Every structure is written in C-alpha cells, then in structure tokens.
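Contents: one structure, followed by commentary.
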Amino acid sequence: MDTSRLFVQLLDYAKTQQNVKYTLLASTVFAGVEAFHCLPEEASLIWSGKWNLGKILYLASRYLAFVELIGPAPLFILSPDLSVGACQRIFAAGAALSVIEVTVSEAILFLRVYALGGTDRKLGAFLLALYLGIHGAVYACLYKFLNSIVYMPSPFPNLVSCLPVRANNHMLSVVFILLLVSELVILAITFWLCFTKHKSTNSPLVATFSRDGLSYFVLLSAVSTGNIVCNLVAPVGYIYLLSIPQMVLHSTLSTRMVLHVRRIGSGVYDTKGEVALVSLGSDETEWSLQSMRFAAAPQGKSRSSGHNSSAAVTHTGFAV
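The sequence shown begins at 1 in the UniProt record's numbering and counts up one residue at a time.
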C-alpha cells in the first residue's frame with residue numbers, strides 16, 4: 001500500500017473518531033440532564049429509603065455510567081499520544097465498565113419480569129438461569145475480544161491516540177447478539193404475562209410494569225441491533241459508535257422504571273414510595289404482596305386510596 005493511500009485512510013479514520021467524540025459528548029450530556037431531572041424524585045424515593053437490593057441496583061445502574069463517561073471513555077478518545085499499553089488498558093477498563101453497567105441494569109429488568117409473573121418459582125429459576133447463562137457468555141466473549149486487540153502508535157497522536165490494527169470484532173458482535181437474545185426472550189415473556197396473567201387486572205402498578213417493560217425492551221433491542229450492525233458492516237472507525245449510547249440507555253431506562261414504580265407506590269402505601277412488587281388477581285381490591293420487593297412494605301398496611309382491604313405481606317428475606 002502506497003504512502004498517500006495510507007495517509008488518506010488515516011485521515012478518514014481520524015474523521016470518524018471525531019464523530020465518535022461527538023457521540024460521547026451527546027451521551028454524557030444526556031446522562032447528566034437525565035440524572036439532574038430525576039434528582040428530586042431520587043432523593044425522596046431512593047436516598048431516603050432503606051438499604052436493600054433494589055436500592056443498591058438502582059444506585060449502581062445510575063452512577064456506574066458516569067464512572068465510564070468521565071473516566072476511561074474520554075481518556076481513551078480525547079487523550080493525545082497514549083502509549084500502546086495505555087490504550088489497551090484504558091479501552092479494556094472502559095469496555096468492562098460498560099458491560100458491568102449493562103449487567104446491573106438488566107438485573108433490574110429481569111427482576112421486573114419476575115415480579116410481573118407473581119414471583120413464580122419456576123419462572124424465577126428460568127430467569128436466573130437465563131441471566132447467568134447469557135451474561136456469563138457475554139463476559140467470556142468480551143474477554144476474548146479484549147485479548148484479540150492489537151494497537152500500534154498513531155502517526156497523528158493529536159488526532160488519534162493510537163490505532164487498532166487487529167481485533168476479533170466478531171466476538172464483540174456475539175456480545176451484542178447475546179444481549180439481544182436475552183432482551184427478545186424477556187420481551188416475549190412480558191407479552192405473555194401481560195396477555196395471560198394480567199389481561200383483566202386493573203392496577204396502576206401492573207400497568208406501569210407492563211407499559212415500561214414493553215417499551216423499554218423494544219428500545220434496548222433496537223440499540224442492540226444497531227450495535228450488531230455497526231460491528232459487522234460499519235466502517236472501522238464506527239465499530240464501537242453505539243456502545244456508549246447503549247450503556248447510557250440501559251442505565252436510564254432501568255432507573256426510570258424503578259422511579260415510576262416507587263412514585264405510584266407513594267400514592268398507594270404510606271411507605272415513602274417504598275412499594276413491594278405485587279402479584280395481583282383480577283380484582284383490584286385484592287392485593288397479594290409477594291416476597292420479591294423493590295423495598296419493604298410494612299406488615300398489614302392498608303391502601304390509602306380508601307379501600308378497606310389490607311395488603312398481606314409475605315416475608316422471605318429477599319428484598320430488591
């Protein structure tokens with residue numbers, strides 16, 4: 001390959017990286033505005049609540065994204081003249097943080113489906129096996145992908161820190177394919193539960209679970225598909241274009257879902273928004289609060305909406 005052609009290719013790659021920088025900036029601004037917009041509700045419904053699995057997952061999902069957005073991502077994209085070793089370490093750290101963020105966010109979404117299914121043990125076992133199997137394979141493929149990347153020093157360090165000359169991007173495609181499969185399976189289960197178990201249920205909580213779950217999984221499936229397309233057919237500079245937006249979208253949607261549930265719960269129970277995830281019969285007045293909870297609901301609390309029925313709480317020590 002002659003020098004002039006190589007020079008043109010390097011300039012094209014540098015231009016694509018400039019667009020990747022814009023994508024990072026847009027994702028960071030979006031995440032910041034979203035967090036600021038939700039801050040009042042988060043303070044009243046999350047920070048003031050008891051520590052449990054739900055609160056831990058929420059805070060991790062919300063703030064791990066910022067660790068990536070203000071740490072490895074800008075350091076890798078914006079820093080001039082990084083060494084080859086530094087490029088490998090920073091990119092690996094950023095990729096791992098992104099996958100951990102997605103893993104935490106999907107844990108919330110999986111638990112939502114478990115609650116929507118009435119905390120059925122067989123459904124719970126299936127969801128747990130699916131979650132561990134899918135995400136275990138995701139980490140294995142990510143490890144193979146990161147080990148396959150080879151960098152070289154950039155001839156234009158002020159434009160591009162370092163150049164990837166070889167990588168097994170098919171392994172990264174498998175990561176996004178696995179996430180897409182997981183999302184499609186969960187989407188199918190959500191449809192099935194909505195049209196069988198909760199078709200005649202008249203409950204704001206179930207309506208929120210169903211509406212949020214369906215719309216969120218459709219959006220996540222769409223961005224996962226976009227990442228697969230980028231990895232397989234996009235120009236080399238755009239292979240990782242949607243990785244950061246997917247992480248931010250997972251964080252935003254999963255935390256929004258928790259806030260929606262707690263906001264509705266704050267109007268139903270006198271628990272500062274800490275509402276047990278519910279399994280409802282067809283009669284809105286008969287609430288059976290199961291053991292899998294986003295937060296603890298008091299024993300025998302009655303609904304504040306004027307109904308005389310009480311909520312029977314089943315305690316098994318597993319709170320979300």
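Heads up, the beta-carbon is just placed ideally off N, CA and C, and yes, glycines get one too. None of the values given here were measured: they were computed from a predicted structure.
Boundaries (first-last residue) of the alpha helix (DSSP H) holding residue i
i    : result
P74  : 72-78
Y139 : 121-148
L241 : Where L241 is concerned, there is no enclosing alpha helix (DSSP H), given that its DSSP letter is neither H nor E.
A95  : 84-116
N169 : 169-196
Within 8 Å, strictly: CB atoms of residue i and residue j
i           : j    : result
T225        : L180 : yes
E41         : M247 : no
residue 325 : Y143 : Residue 325 lies beyond the stretch modelled for the chain, which goes from 1 to 320, so this question has no answer here.
A107        : L57  : yes
Y131        : G124 : no
P80         : P157 : yes
residue 364 : S254 : No statement about residue 364 is possible, as the shown extent of the chain runs from 1 to 320 and does not include it.
C141        : V102 : no
T23         : I228 : no
L187        : V233 : no
Y139        : V99  : yes
L178        : A137 : yes
V29         : L241 : no
Y216        : L109 : yes
V258        : G54  : yes
L97         : P72  : yes
Close-in-space but distant-in-sequence residues of the same chain around residue i (CB under 8 Å, 5 per side omitted)
i    : result
F76  : L82, C87, I90, F91, G94, S161
H37  : none
L214 : L187, T190, F191, C194
8 Å contact criterion, which residue i and residue j should meet: CB distance rounded
i   : j    : result
S27 : H250 : With 8 Å as the limit, S27 and H250 do not qualify as a contact, their Cβ atoms being about 12 Å apart.
Same chain, Cβ closer than 7 Å to residue i, five either side skipped, listed in chain order
i    : result
L146 : A92, A95
Y13  : V160, V236, G237
I239 : N169, C230, N231
A65  : A31, E101, M247, V248, S251
Q18  : none
L11  : none
L127 : F110, V113, Y114
Limits of the beta strand (DSSP E) - the one that residue i falls within
i    : result
V160 : Premise fails: V160 is in no beta strand (DSSP E) and is neither H nor E.
Neighbourhood of residue i by C-beta, 6 Å cutoff - its chain only, sequence neighbours within 5 removed
i    : result
L220 : E183
S4   : none
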